[in-house]
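Numbering (my numbering), first residue to last: 6 to 188. Written below as structure tokens is the structure these notes are about.
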Ligand SMILES: [Zn+2]
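Pasting the structure below:
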């Protein structure tokens, strides 16, 4: 076994031990709840604040950063080609317009947050042990306490990304026996 392989084995084991600890302490679950709350809040902002637009905003619209006068025309270019010329009134309507896409995106974001909450809380329950039970006895402490889970590790150097994966087997934190086998 080369030194590099040994290093990767250690990294996969460290990852597994960290993940087990994050779950046991409830930290994984707290992070999941925080992320879902943020997603829900983002959906709420999109649906309630972005979607209605500014129907009462009668201030002069801006064209390319410059405030327009009622006689001005605002030219829109795509890839250097003129695609549309907007009048002052048209720009004012665009400024006041609602954004139906924001409503759809907001509802989707809130729905995902709500639908994922219970399955994630259940999957990350601190009372639920890490990985799945592996039959047999630990070669170190001789107890049937082995649990295993596929883990991955990736490293990026320059433009090259290398991925490793293996099934990590861990004994109890008190015994500390750990091993990795290919998937
Ligand atoms: Zn053991």
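Every residue, glycine too, gets a C-beta built ideally from N, C-alpha and C. Being a predicted model, the structure only gives us computed values, none of them experimental.
If I follow the unbroken alpha helix (DSSP H) through residue i, where does it start and stop?
{"i": "residue 74", "result": "Run containing residue 74: none; DSSP gives neither H nor E here."}
{"i": "residue 59", "result": "From DSSP, residue 59 is part of no alpha helix (DSSP H); its letter is neither H nor E."}
{"i": "residue 139", "result": "From DSSP, residue 139 is part of no alpha helix (DSSP H); its letter is neither H nor E."}
Our contact map puts residue i next to residue j with C-beta atoms below 8 Å; I'd like the distance itself, whole angstroms only.
{"i": "residue 183", "j": "residue 18", "result": "5 Å"}
{"i": "residue 111", "j": "residue 48", "result": "4 Å"}
{"i": "residue 173", "j": "residue 21", "result": "4 Å"}
{"i": "residue 100", "j": "residue 59", "result": "6 Å"}
{"i": "residue 37", "j": "residue 129", "result": "6 Å"}
According to the neighbour-count rule (16 or more other Cβ atoms, all chains shown, within 10 Å of its Cβ), is residue i buried or exposed?
{"i": "residue 175", "result": "buried"}
{"i": "residue 185", "result": "buried"}
{"i": "residue 81", "result": "exposed"}
{"i": "residue 66", "result": "buried"}
{"i": "residue 39", "result": "exposed"}
Helix, strand or coil: how does DSSP classify residue i here?
{"i": "residue 82", "result": "strand"}
{"i": "residue 186", "result": "strand"}
{"i": "residue 29", "result": "helix"}
{"i": "residue 177", "result": "coil"}
Within 8 Å of any Cβ in chain C, is that where the Cβ of residue i sits?
{"i": "residue 17", "result": "Absence of chain C from the displayed structure is noted, only one protein chain being present."}
Examine ligand 3 and report whether any of its heavy atoms sits within less than 7 Å of the Cβ of residue i.
{"i": "residue 177", "result": "Ligand 3 is not among the ligands present in this structure, which contains only ligand 1."}
TODO: Tell me the start and end of each unbroken beta strand (DSSP E) in the segment 147-172 that is at least 3 residues and wholly inside, in chain order.
DONE: Runs of the beta strand (DSSP E) lying entirely within the segment 147-172 and spanning at least 3 residues, in chain order: 152-162.
Task: Secondary structure, beta strand (DSSP E): runs of 3+ residues fully inside the segment 78-125 - done: If we require 3 residues or more, the beta strand (DSSP E) runs fully inside the segment 78-125 come out as 78-83 and 86-92.
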